[in-house]
Structures are given as structure tokens and as C-alpha cells.
Amino acid sequence: MSLLNINNLSVILETNKGPARAVRNLSFRLEKGETLGIVGESGCGKSMAALALMGLLPERSKTEGQIKLDGQNLLEKDDQEMCQIRGNRLAMIFQEPMTSLNPVHTVGNQIMEPLRLHRNMSESDAKVETLRLLDRVGIPNPQARFDNYPHQLSGGQRQRVMIAIALSCQPDVLIADEPTTALDVTIQDQILDLIQTLVREEGMSLILISHDLGVISENTDNILVMYGGAAVETGKTEQIFDELIHPYTQGLFAAMPKLGRAKNRRLVTIPGTVPDLISMPMGCTFTDRCPLATEVCQNTPPPVVEVKSKHFVACHHLDEARDRKTEELFS
Amino acid sequence: MSVFIAKRVLTLIATLIGASIVIFLVMEILPGDPALVILGVDASDEAVLALTKELGLDRPPLLRYWGWITGILQGELGNSYAYKVPVWELVEGALLITIPLAVMSIFLSIIFALVVGLYAAANHNKAGDITLMGISQLGISIPNFWLAILLIMLFAIELRWLPAGGFPGWKDGIWVCLKALLLPSLALATVVGAILARITRSSVLEVFREDYVRTARAKGLSQRATLWRHVLRNALIPVLTVTGIQFAALLTGTVVVENVFHIPGLGSLVLKAINNRDTIVVENVVLLLATMIIVVNFAVDILYAVIDPRLKAHDI
Amino acid sequence: MSEDQSLTFFSRCLRSRSFMVGGLMTAFLLVCAAISLFWTPGSAYDITITNRFLPPSAAHWLGTDQFGRDIASMLMTGTQNSIVVAVVAVSIGLSIGVSLGLLAAAKRGWTEEIIMRLSDFSFAFPAILSAIMLTAILGPGGVNSILAIGLYNIPVFARLTRGTANSIWTREFVMAARASGKGRFRITFEHVLPNILSIIIVQATILFAIAILAEAALSYLGLGTQPPEPSWGRMLNEAQTLMFLDPMQAVYPGLAIAIAVFGLNLLGDGLRDVLDPRLSRKR
């Protein structure tokens, strides 16, 4: 049994213009100690999938499918039961460290909160543990920082505090949703390294969500590529980078700026924009922007094919996509 | 923190001086001859001259202002022209009614606002929320002195539960007095409470959308614990601002409502003084009321800093 | 404004329930005041002791008061009084306050500092307090209440104008206008004022409601409109002594005030939705 088993998860948001399927039939597994990267453009449903795991979706939304943690379906649990799991077995780091901490409470108090809640620590024990955690996430002089308010810390330090909060109860799964997007480039690698190290040392599983294929490739064992709420390609990281198959993955890779590339090469872009979730085609979500799209893509959901061992691709035109070079697809 | 408070205290003093100058200018310089105002236009020249001397109005304005302020600092407000007694004697008794009335009203409005605002926010867009917000919109539109009259008709005349007006005096016991102040403070608190309830609701709803609330939920805090520990304190900041602004309306409301209930507070005193052309009483009562408004707003400023640590950082 | 835009403006008006209900209530008020200029069902002034305390009838829709005056007519005529006081008072606040606010935003520096510090401590003098001072030295009268309410409105408008104008001054199209060499005065009238107009209109509507409330309170205290001129506040004052005899007399004028204030508040809310959809979304 996998630690986390997502089966046919769909998230439907009720909007003023009608229901929007933010996540459609998403399935994946996560083993203990494994790291999974979810990659896709903004609005592809990756954050919604993460919030669904945490049971923190916005009010006007509904979920279908299963989210099994150790065999128990989280979607069947009520809020009280989810409160036992959130912050305890599942923890999450958010994109915006500047606004994710409460401005009116000290940093120390905010880290102590989950310790007191889930680990039933006394005030003094929680403080000792908080100081240890602050030190662990690389914040110098924890004793002084304990009584600081968030506005007295830099963005990178705040994200370290968020990591300390997430780690405080040694969760089974850590979900990091674009943890470095809002930070300075110089800080980004430090934070990613920190997450990487802590996850490895604590033996946690990690779901790292990013729009940046580079970040994902360096930090994960497995990759899941999402587009328009659906998974288009999954597999082992090195396998996928060995052969990018789905036209969207190829486009994403081509759009990545690379060091050492000839200066006069133009940066590749995928034409068009992410489609409106409400007016998504019946079939493959990438149809409108795909250079290989035909009528069948528009109307029939693509089959999920295991190309190699555990490397799955959802595409109607698999052979064509494998034959063509990325440069030919997007130029 | 001490720098912050020192700055606020300086602003407080400057504002008080500014307000006293405005009052002095309006009351003693603008009309030309206060003695004439007191005695009326058909007074004889001799009488006016005598009164001018008696009031010290023949002295230069700057000296008179100085005399007024130093007098106040020593508890010397001068003598009422109409009653021939020290103004302080008149004011003291009135203050002991107006201040409890104002405190009771603001207390009631805040309780009302928190209960209604939180309930409405928790039931966002449900029937309870919509009904309460409709009622509060009505509450804002009702003049407090009319509400006071309606309350008298219902609770004093129809049901005979509470006195229709008057004030027994504190020596008759606290309960009788609080009973006499209950209807007036209800009339005052309804309007201010309705305004504050709407602010509380929208402020709580807004804070619930903040990222740090999601963080709190991600820690495993229940909806209720999140509300108490993370939402309420942040949501109180705008509520506090509006409470400060509304205090001025509430205090001038007491002036009106005291007259509805014939309660001998500052409002009744100042109105009687106007009718008696007792300008010296009016001048001092207005200064007192303005001072109360200024001091409450000062207190609100300090409370801000207690609630929101970011403010202190800005000021240092 | 192009035809397309005006159409959406019109449909936004129709779609906003606050705007429609508030607008209708306000219109009702204006119509009452207009009709009362040349016709009322009875007389709001004639004192006929034999007619006192008449119950409602075809001749006296809401009955008569202790002097035999027709209550419905007094209410209608009282509408004029409330509207005139509110219009003049808000106009005083609007013209002076908005000018000061625009000046502060255009000049910055010391001008702004002085204007803002002055409006800062004006919060200590709400309309009723100013009216008390003015009445004490000038004697009671309708003009005092207008003056007091108008004075109170000045800093409210000044602060709002300066705040919103400042944010306009940092926008790109103002930068462009400055770069093209337009003066501060011209930019204020060509770019700043048109862009803050909708916010000022909304505020004016709400202050209009507050002015009606304040006028009623002052008249109730005897500091505002003087008899025999009918005013809602005055009527409440007189009715209060008759609460045992004829309680309904104390109900009608209050209801009139509440309807006026409620309608104007709704209209203000509605205008906010209609004139500036961006603002309403935040609420």
C-alpha cells in the first residue's frame, strides 16, 4: 500500500459563470520517502490539487474521487478529523511567505501553535522545540528571533519560518506549493536545498509544486506534468528528461531558458494561453494549443499509455509526438 | 514603544491646544461683544460696560486666552453668569452622568457589533446574514432621538418596565441609576452598533481570505480556533478605527438623547446654558466634549499599536 | 461617453437593486417637496384650535396636531426644509472641501501638511458641537445648522479628495500629461477631478443623509429651524410632550427622517456599484 494514493481526483469550482473543473481525474501515488514534482503553468490546477489534499479548498467547490492516506480516504473525513491530520501528517508550505504569517503574532508563537495542538507539548517544551526548529531551518540567533514579528523578517527568513511550522510535527507528507516563486533568485536555491535536506533527513515524502521545470528536475524522483487540470505525462524524473513525449511537456522544456545555449537562439514559447476552465474541450485539454491536434483530440479524452516502465503519457498522437523533434513542434 | 507613545502624547497636546483656540476664537472673538450676547441687544450701555469689566473682556485676547487655560488647569472655570455659581460645580455633576452614559453606550454597541457581525460573517450570504444586515442598514438610518422616543413609548408607557426619563442621582444607588440610563444608552448604541456590526462583518470576511488564515488552517486549527486566534485580532483593527470615528457621533448623540430623557448631563446643561445665554458655561462644556473626543481618539491610536505590532515599527 | 458605455451604465443602474430602491425613495422625497411648494392636502401653518387632535380622515390624511395644523402637510413642507438644509450644507462642504483636497494633492509640501493637519483635529467638532457654539453666540436659527453641518463636511471632503487625488497623481496618464508640459492646475481639472468624481458623488450622497439626520437633531433641540417653519425634528420635539395623548404624532416625522436617510444611504451604495464597479467588488 502506498503512503498516499490519489485516485481519479476531480475538483469542481462553482463560479458565477458556471462550474469549472480545476482538476480532472487526477491519479498518482506517493511512497514513503519519495519526492514528486508537479509541474505546469499557473492555472493548470496544481495548487487546487494540493489544497484538495489538505482539505482546504475554497467554500464553493466540490471534490470527486479518492485521496487515500495510509488507506483512509481523506475526502470522507469531516473537518474535525481533518484537523487531526492537517499540520500533523500532512503539512504545506505556501507560495507567499510575505502574507502567509499572521502579522499580529510573534514568529515563536506561530511555530509553537501546531506543537501544542498535535504534540500536546507544554508551553516550555514547545518553546525549546521551537528554538530547535528555528535553528534547524537555518535562522541565526533563534532566541532573538523567537519574539520577532513577521514584518521584522526578510522574505527568505519568513519562508524558513513557514518550513519550521510545516516540519514541527514531523509530517508524513510535505506539500510545497511554489515555495520559492516569491523569493529573490539568490535565496531560491538556499530554500530548495533546505527543503531537500530536511525531507531526506526526516524521511518524509515531498510533493513539490512548481511552474519551473528546472526546479522540479533538480529536486524530485518523479514528475507529474499537468495541463488544464489533467495529468498529461508522469514518470521517473530521469526517464522523462531522457525522452520528453507529450507535446506540452516538450513545449514546456523548450520554453525553459538554458545556460550555454547560443545567444542568438530565440526563446521558444507555446502559442496561445491556458484555456478558460469553464470552456475546456471535452477531449484533450491541450487541443487548442497543440501542433499535432486533430478532431479526435477535441472530442475524446486521450488514452493513458505506459510508454516505458512507469512512464505514462496521455496523448492521441503518441507516435507522432515521439518521432518529431521538439524544435520542429515549436518553432 | 515609548517613542511611539511620546509622539502620540505630543499630538494629543497639540490637538487639545488647537481645539481650545478654535473654541476661544468662536466664542469670544467672533461675536464682537460677549457681554452684549449675554445681556441681549436691548441692554443698557452701562450694564454692558459693567459686565465687560466683570468678565475681564476689556483685557487683550491673548491674556484672556491665557487666563482661561491656566484657570482650567487649576480647576477654575469661572462663574456661571446665570446661576452665579462656579461653572465647575455645574459641570461636575453633569459629567458624572454623561461619562457613564457614553461608556455604557459604547460598551453596548461593541458587544452588539461583535455578536451580530461575527454571526453574520459566519453565516455569510445565508438567510441570517442577509436579515441582520438588512436590519442594521435600517438601524443606521434611524435618528437616535426618535428611537429614544419610541423606546420610551414602548418600555415606559406601554410596558412600564423602565422610567420614561429623569435621573435619580448616584446617591440613590447604582442600580436605579443604571436603570435610568438603560433606555438612553440603548437608543445611542443601536445606531453606532449597527454601523460597527457592518464593519465587523466585512472585516472578518476580509481577514478570512488572508493567506495567514489558510496557514492556520493548514496547521490543523479548527475553524473556531482560527477565528479566535488569527482572525479576530486582525479584524478588530478597522472596527477600532470606526469606533474612534463614531465616538464623536455618539457623544453628540448623548447631548440630544439626554434632552429626550431629561437627564441632567452635559447635553442638558449646555442646552440650558444656551437658553440662558450663559456663554461661559457653553464655552467650557464644548471644550470638555471636544477634549473627550480627542482623548478617546488618542486612546484608539494607542490601542492600535497594542493590536498591530507593525504600527510601532513605522513610527520609530 | 460612447453609446456602448452609456448603455452598460444604464443597465448597471437597472441591475443594482440598491440604486433602484434608493433612487425611488429619494425621488419620492423630491416629488413630495416639489408638490408641497404649490399644494398640500391641508395647511401646515394655520392654527385652528377647534381642529386640534383630529383623527386621520379624507381631509386630514394623518390627522392634526395640538394646534390643529395638518400633519401630512407639515411633513410634506418639512421635506423642503430638510432638503434645502442638506443641499446647502453639503454644497458648502463639497465646494470648499474638494477644492482644498485638490489643492493639497496638487501642491503637496507645506500646503498639504497645513490642510491635512487642520482637517485632522476638526474631528473634535462634530456638527452638533459647532451648532451649539454658533447658536450660543448668534442665537438659534436655520442658518446656524446649515453652517455647522457645512463646516463639518469640509474636512470630510478634503480628506477623501486629497487621498484619492494623490493616488491619481501617481498614475501613468498623469505622468504622461506632466511630461507633455501641462501645468498642475490644468492636470487637476483635466485628469484628476474627472477620475475622482464618482467617489466624491458617492460620498456626497451619504453626507446628504447624515446632514438630514443632523438637521433633524438640531431642530429637535431647538437649535435649528425655528417655528412656524415646519421641520421634522421640530415636530418630534413637539410630539414628545404629547406621547400619552397622541403617540402617532411622534411616529410620522421619525419615519419620514428614516425613509429619507435609508433611501439616500441605499442610493449611495447603489451609486458605488454603478459608478465604480471596482469599488463594489471589494465589499
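Chains as they are written, first to last, in full-length UniProt numbering: chain A, 1 to 331; chain B, 1 to 316; chain C, 1 to 283.
Just so you know, even glycine gets a beta-carbon here, dropped at the ideal spot from N, CA and C.
Item: Please return the same chain residues whose Cβ sits closer than 6 Å to the Cβ of A197 (chain B), not counting the five positions on each side in sequence.; Value: A113, V116, G117, S136
Item: 8 Å is my cut-off, CB to CB: does D315 (chain B) come that close to chain A?; Value: With a pLDDT of 43 at D315 (chain B), under the threshold of 50, the predicted position of this residue should be treated as unreliable, and no value is reported.
Item: Rounded to whole angstroms, what's the CA-CA distance from V242 (chain B) to I199 (chain B)? Just pull it up for me.; Value: 8 Å
Item: By DSSP, does L279 (chain C) sit in helix, in strand, or in coil?; Value: Because the pLDDT of L279 (chain C) is 47, which lies under 50, any placement of that residue in the model is unreliable, and the number read from its coordinates should be weighed accordingly. In the structure shown, L279 (chain C) sits in a helix (DSSP, three-state: H, G or I).
Item: Under the criterion of a Cβ to heavy atom distance below 7 Å, does A194 (chain B) qualify as lining the ligand FAD?; Value: What this structure holds is no ligand at all, so the ligand FAD is not there to describe.
Item: The beta strand (DSSP E) that contains T63 (chain A), what's its start and end?; Value: 61-69
Item: Taking 8 Å as the threshold (beta carbon to beta carbon), is S141 (chain B) in contact with chain C?; Value: yes
Item: Count the other CB atoms, across all protein chains shown, that sit within 10 Å of the CB of S47 (chain A); report buried if there are 16 or more and exposed otherwise.; Value: buried
Item: Determine the DSSP secondary structure at N148 (chain A), reduced to helix, strand or coil.; Value: coil
Item: Report the residue from A:Y248, A:P302, A:E295, A:T237 whose alpha carbon sits nearest the alpha carbon of K310 (chain A).; Value: A:T237
Item: Tell me which residue opens and which closes the alpha helix (DSSP H) that Y113 (chain B) is part of.; Value: The sequence given here has Ala at residue 113 (chain B), not Tyr. Counting along the chain, the alpha helix (DSSP H) containing A113 (chain B) begins and ends at 87-122.
Item: Apart from the five residues on each side of it in sequence, which residues of its chain come closer than 6 Å, Cβ to Cβ, to F312 (chain A)?; Value: T234, V304, E306
Item: Expressed to the nearest angstrom, what Euclidean distance is found between the alpha-carbon atoms of Q66 (chain A) and L53 (chain A)?; Value: 10 Å
Item: For H151 (chain A), which residues of its own chain have a beta-carbon under 8 Å away from its beta-carbon, when the five flanking residues on both sides are left out?; Value: P103
Item: Am I right that S203 (chain B) and V239 (chain B) are in contact with their C-beta atoms under 8 Å? What's the rounded C-beta distance?; Value: 6 Å
Item: Within 10 angstroms of the Cβ of G253 (chain B), are there 16 or more other Cβ atoms? Answer buried if so, exposed if not.; Value: buried
Item: Once DSSP output is grouped into helix, strand and coil, what is the label at M74 (chain C)?; Value: helix
Item: Note the first and the last residue of the continuous alpha helix (DSSP H) segment covering K7 (chain B).; Value: 2-24
Item: If distances are taken between C-alpha atoms only, which option among B:W175, B:F24, B:V85, B:A14 comes closest to P60 (chain B)?; Value: B:F24
Item: Just curious, the alpha helix (DSSP H) that T190 (chain B) is in, first and last residue?; Value: 174-208
Item: With H, G and I counted as helix, E and B as strand and the rest as coil, what does DSSP make of T35 (chain A)?; Value: strand
Item: Going along the chain, which residues of its own chain have a beta-carbon closer than 6 Å to the beta-carbon of Q203 (chain C), five neighbours each way excluded?; Value: L160
Item: From the DSSP output, in three-state form, read off Q95 (chain A) for me.; Value: coil
Item: Got a sec: is the Cβ-Cβ distance from L114 (chain B) to anything in chain A below 8 Å?; Value: no
Item: Output the distance between the C-alpha atoms of M20 (chain C) and R89 (chain A), rounded to the nearest integer angstrom.; Value: 53 Å
Item: Hey, does Y65 (chain B) have any beta-carbon neighbour from chain A nearer than 8 Å?; Value: no
Item: To the nearest angstrom, report how far apart M236 (chain B) and P302 (chain A) are at their CA atoms.; Value: Per the sequence shown, residue 236 (chain B) should be read as Leu rather than Met. The alpha-carbon atoms of L236 (chain B) and P302 (chain A) are separated by roughly 52 Å.
Item: Who does Y227 (chain A) pair with in a DSSP beta bridge?; Value: A:A230
Item: Are the beta-carbon atoms belonging to L269 (chain B) and L90 (chain B) less than 8 Å from one another?; Value: yes
Item: Looking only at its chain, what residues have a beta carbon closer than 8 Å to the beta carbon of I206 (chain C), apart from the 5 residues adjacent to it on each side?; Value: L264, N265, G268
Item: Within 8 Å (strictly less), CB to CB, does T190 (chain B) reach chain C?; Value: no
Item: Expressed to the nearest angstrom, what Euclidean distance is found between the alpha-carbon atoms of I293 (chain B) and A34 (chain C)?; Value: 40 Å
Item: Terminal residues of the continuous beta strand (DSSP E) containing residue 339 (chain A)?; Value: This structure leaves residue 339 (chain A) out entirely; chain A is present only between 1 and 331.
Item: At a Cβ threshold of 8 Å, is G156 (chain A) touching chain B?; Value: no
Item: Which residues in chain B sit within 7 Å of Y252 (chain C), going by Cβ to Cβ distance?; Value: Under the 7 Å cutoff, chain B gives no residues; its nearest Cβ is about 10 Å from Y252 (chain C).
Item: Mapping DSSP to helix, strand and coil, what is L9 (chain A)?; Value: strand
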